[in-house]
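Undergrad: Please read through the structure below; I'll follow up with questions.
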Amino acid sequence: MEDAAATHLTETTKEKLRQTVGKIERLEEEKKEVAEQIKEVYAEAKAFGFDVKALRQVIRLRKVDKADREEQEMMLELYLLATGDA
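For the sequence shown, numbering that gives the first Met the number 0 begins at 0 and goes up steadily by one.
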């Protein structure tokens, strides 16, 4: 059955598929390299005495739109007040 499906693909389609797979594999490798570089930067930050956990939170919060972040913070404060934790 697999051979039958493969025979229905044109050579152009097969080549496009090979190129697509190759591109994804290269991007996955680049992603792995970037992740390693990010890990090294966090290690440098820790060596400088920065709190890595707080630094990660800053990075995460900076990705969020300011209005959305403020709304999330207000909701968090409301929940903390409601549970007696504020």
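Beta carbons: idealized from backbone N, C-alpha and C, even for Gly.
Given the structure is predicted, the values throughout are model-derived calculations rather than measurements.
Am I right that Ala-134 and Glu-76 are in contact with their C-beta atoms under 8 Å? What's the rounded C-beta distance?
TA: Outside the modelled stretch of the chain, which goes from 0 to 85, sits residue 134, for which no answer is possible.
Undergrad: If you draw a straight line from the alpha carbon of Glu-24 to that of Tyr-41, how long is it in whole angstroms?
TA: Here residue 24 corresponds to residue number 25 of the sequence shown, with the count starting at 1. Here residue 41 corresponds to residue number 42 of the sequence shown, with the count starting at 1. Cα to Cα, the separation comes out at about 26 Å.
Undergrad: List, from N- to C-terminal side, the alpha helix (DSSP H) runs of 4 residues or more that fit wholly inside the segment 4-63.
TA: 10-46, 51-61, all fully within the segment 4-63.
Undergrad: Closer than 8 Å, CB to CB, is Ile-58 near chain D or not?
TA: Among the protein chains of the structure shown there is no chain D, as only one such chain exists.
Undergrad: Where does Asp-67 sit, in a helix, a strand or coil, going by DSSP?
TA: In the sequence shown, the residue the question calls residue 67 occupies position 68. In this structure, Asp-67 counts as helix in the three-state DSSP scheme.
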